[in-house]
Amino acid sequence: MDKSQYFGVTETFDPAFNLSFFDNLYSGNIIITKRLTNNLIDKLIENKDKIILHCTVTGMGGSAVEPFVPTSEQYYAKCKELIEKGFPVKQIVLRVDPVIPTEKGIETAIKVINKFADLGISRVRWSSLDMYQHVKDRFEKAGIKIPYNTFNAPSSMIIHAHEALNNACMAHNITLETCGEGLFQGTPCLSQKDVDILGLTDSIMLEGNVGQRKTCSCPKNKKQLTLGEKPHQCNHGCLYCYWK
């Protein structure tokens, strides 16, 4: 594929801790972060015409599950600041991911949606917690009850969570997007909607499937932005992180 068709994405690291990848942006990029620092905000504003920003806020920031992640209140304040400084709200996706699909977990996620709705955000993405063996080990070591022993949550839990989150979104005229949940039609992290929002409809043609995992529907255009080092668990220390 010609490089002009690539759409960058930061899935293997959190850009809040290293901004060097900004030197290698493509014409379109999806930046995913759990933390908005002042320096990151400056970079996002500087490159706002090239970026769809995924603000990852689960509502568990500062808890044992996400020990070094900002709280939803702290993230809200920085997100509001980002918008006030000129970053287009239409280019922001609230990523409530992962959701622990228990009653408490669903309630936590809905609180995040309700809180961020007044910023004018129109898109929310979610997926349920995947229980890798090393994730189970971390939960057990932290003394936290494991919500289910299978890799994926039981279908009944996923369906219930989806319905509850969708109802919360509909109340605010927000579109709910599902990531990698086989029970529902998923919206890929990179979709035609992102291309259109950045005004790249006539220059980027999405094609194929990148094949990251069975339920992933992202096109081959998705290109990982890297830091030139082996991917590893970042400083946020989330128990559910898929990096060992």
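Residue numbering for the sequence shown follows the numbering used here, beginning at 4 and increasing consecutively. Ideal Cβ placement from N, Cα and C applies to all residues, glycine included.
Can you give me the C-alpha to C-alpha distance between residue i and residue j, rounded to a whole angstrom?
i	j	result
PRO104	MET63	13 Å
ARG38	VAL72	7 Å
CYS219	GLY183	5 Å
PHE154	ILE34	27 Å
PRO191	GLU143	32 Å
ASP26	ASN238	22 Å
ASP133	CYS58	20 Å
GLU49	ASN42	11 Å
TYR29	PRO157	39 Å
Excluding the five sequence neighbours on either side, which residues of its own chain have a C-beta within less than 6 Å of the C-beta of residue i, listed in chain order?
i	result
GLU69	MET63 and CYS241
For residue i, tell me which candidate among the options has the shortest Cα-Cα distance.
i	options	result
LYS118	ALA171, LYS88, HIS137 and GLU143	ALA171
LEU203	PHE10, ASP5 and MET4	PHE10
TRP129	VAL60, LYS247, GLN136 and HIS175	VAL60
LEU56	THR36, ASN41, THR40 and GLY65	THR36
ILE177	VAL96, ARG141 and MET4	VAL96
LYS114	ALA167, ARG141, GLY231 and ASP140	ALA167
Suppose the cutoff is 7 Å on Cβ atoms and the five residues either side in sequence are ignored; what does the same chain contact list for residue i look like?
i	result
PHE187	HIS165 and THR181
ALA145	ALA67 and LEU242
LYS83	LEU122
ILE54	ASN32, ILE34, LEU47 and GLN94
GLN195	LEU209
Below 8 Å CB to CB, which residues in the same chain sit around residue i once its five sequence neighbours on both sides are set aside?
i	result
LYS51	GLY89, PHE90, PRO91 and GLN94
Answer yes or no: do residue i and residue j have a C-beta to C-beta separation smaller than 9 Å?
i	j	result
LYS223	VAL12	no
MET173	SER131	no
ILE86	VAL99	no
THR40	LYS81	yes
At least three beta-carbon pairs within less than 8 Å, the segment 75-86 to the segment 14-26
no
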